[in-house]
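Asks:
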Amino acid sequence: MNADDDNSSTFEALDASSEATIGPPAVLLCGFAGEEGRRLQQLLGELGMAEHQVVCCTTTMGTWTIEAALGGDDGGTLLPVGPVPRVALLSGLTDGQVERVLDGYGSTGLPRPIFAVATPANLGFTVIELLEDLMAERQAVEQGSADSS
Numbered sequence: 034m035n036a037d038d039d040n041s042s043t044f045e046a047l048d049a050s051s052e053a054t055i056g057p058p059a060v061l062l063c064g065f066a067g068e069e070g071r072r073l074q075q076l077l078g079e080l081g082m083a084e085h086q087v088v089c090c091t092t093t094m095g096t097w098t099i100e101a102a103l104g105g106d107d108g109g110t111l112l113p114v115g116p117v118p119r120v121a122l123l124s125g126l127t128d129g130q131v132e133r134v135l136d137g138y139g140s141t142g143l144p145r146p147i148f149a150v151a152t153p154a155n156l157g158f159t160v161i162e163l164l165e166d167l168m169a170e171r172q173a174v175e176q177g178s179a180d181s182s
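Here's what the structure looks like:
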């Protein structure tokens, strides 16, 4: 599915030549353990993006806006690994930097999450709304794949 097929879609193509960024320099992780967040922080450092803070979502951050959650965790209990979908929301990166993170992610040895990028629209979503939106998109894509088989 792409934006031309359905106005409700939030998929957008990356433009490696674009230097525009949206949101603060951070990565919001949902459904990750603390050690996994540190591994991603190490990758960002290796890619020259050490200024990007990795924030692991806590149980109390579900009602926060994405923009607030990207500001840092509250020291609470991390969302559980397993029941919560693994999501990595990349913020404050150029499209080229996003591509480098996606290309380098495999070297972390971590299971692949649902990747998303900060947009003007989703910065106002709550964490719960973002997770619901991403799961609905994933389900629509999987259903579309099954229908075309």
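Numbering (the working numbering), first residue to last: 34 to 182.
Glycine included, each C-beta is placed from N, C-alpha and C at the ideal position.
(1) May I ask you to report which of helix, strand or coil DSSP gives Gly-83?
(2) Please report the distance separating the alpha-carbon of Asp-166 from that of Ser-140.
(3) Taking 8 Å as the limit between beta carbons, can you name the residues of its chain near Ser-181, skipping five residues before and five after?
(4) Following a CB-centred definition, is Pro-153 positioned closer than 6 Å to any heavy atom of the ligand GDP?
(5) Could you check the C-alpha separation between Gly-157 and Leu-122 for me, to the nearest Å?
(6) In this structure, what does DSSP give as the bridge partners for Arg-174?
(7) Would you check if the distance between the CB atom of Gly-70 and the CB atom of Cys-89 is smaller than 7 Å?
(8) Classify Ala-59 as helix, strand or coil using the three-state DSSP reduction.
(9) Assuming Gly-56 contacts Ala-151 under a Cβ cut-off of 8 Å, what Cβ separation, rounded to an integer in Å, is found between them?
(10) Pull the bridge partners of Val-88 from the DSSP assignment, please.
(11) Give a yes or no on contact between the stretch 106-113 and the stretch 128-146, applying the rule of three or more CB pairs nearer than 8 Å.
(12) Does the beta carbon of Leu-61 sit closer than 7 Å to a beta carbon anywhere in chain B?
(13) Please say whether His-85 and Pro-116 have beta carbons closer to each other than 7 Å?
Replies: This is what the structure holds:
(1) Residue mapping note: residue 83 aligns to position 50 of the sequence shown, counting from 1. Per the sequence shown, residue 83 should be read as Ala rather than Gly. Coil at Ala-83, not helix or strand.
(2) Here residue 166 corresponds to residue number 133 of the sequence shown, with the count starting at 1. Here residue 140 corresponds to residue number 107 of the sequence shown, with the count starting at 1. So the two alpha carbons sit approximately 28 Å from each other.
(3) Sequence index remark: in the sequence shown, residue 181 carries index 148 (1-based). Answer for Ser-181: no residue qualifies.
(4) Of the ligands one can find in the structure shown there are none, so the ligand GDP has no counterpart to examine.
(5) Your numbering for residue 157 matches position 124 in the sequence shown. Your numbering for residue 122 matches position 89 in the sequence shown. One C-alpha to the other measures close to 13 Å.
(6) Your numbering for residue 174 matches position 141 in the sequence shown. It is Val, not Arg, that sits at residue 174 in the sequence shown. Its beta-bridge partners do not exist; DSSP assigns none.
(7) Taking the sequence shown and counting its residues from 1, one reaches residue 70 at position 37. Taking the sequence shown and counting its residues from 1, one reaches residue 89 at position 56. Cβ distance < 7 Å, so Gly-70 and Cys-89 count as in contact.
(8) Stepping through the sequence shown from its first residue, residue 59 is reached at position 26. If DSSP states are grouped into helix, strand and coil, Ala-59 belongs with the strands.
(9) By one-based count along the sequence shown, residue 56 stands at place 23. By one-based count along the sequence shown, residue 151 stands at place 118. Contact flag correct, Cβ pair sits at about 3 Å.
(10) Mapped onto the sequence shown, residue 88 falls at position 55. Paired residue(s): Leu-61.
(11) no
(12) No chain B appears in this structure, which consists of one protein chain only.
(13) Numbered from 1 along the sequence shown, position 83 holds the residue referred to as residue 116. Numbered from 1 along the sequence shown, position 52 holds the residue referred to as residue 85. Taking a C-beta distance under 7 Å as the contact criterion, Pro-116 and His-85 do not qualify as a contact pair.
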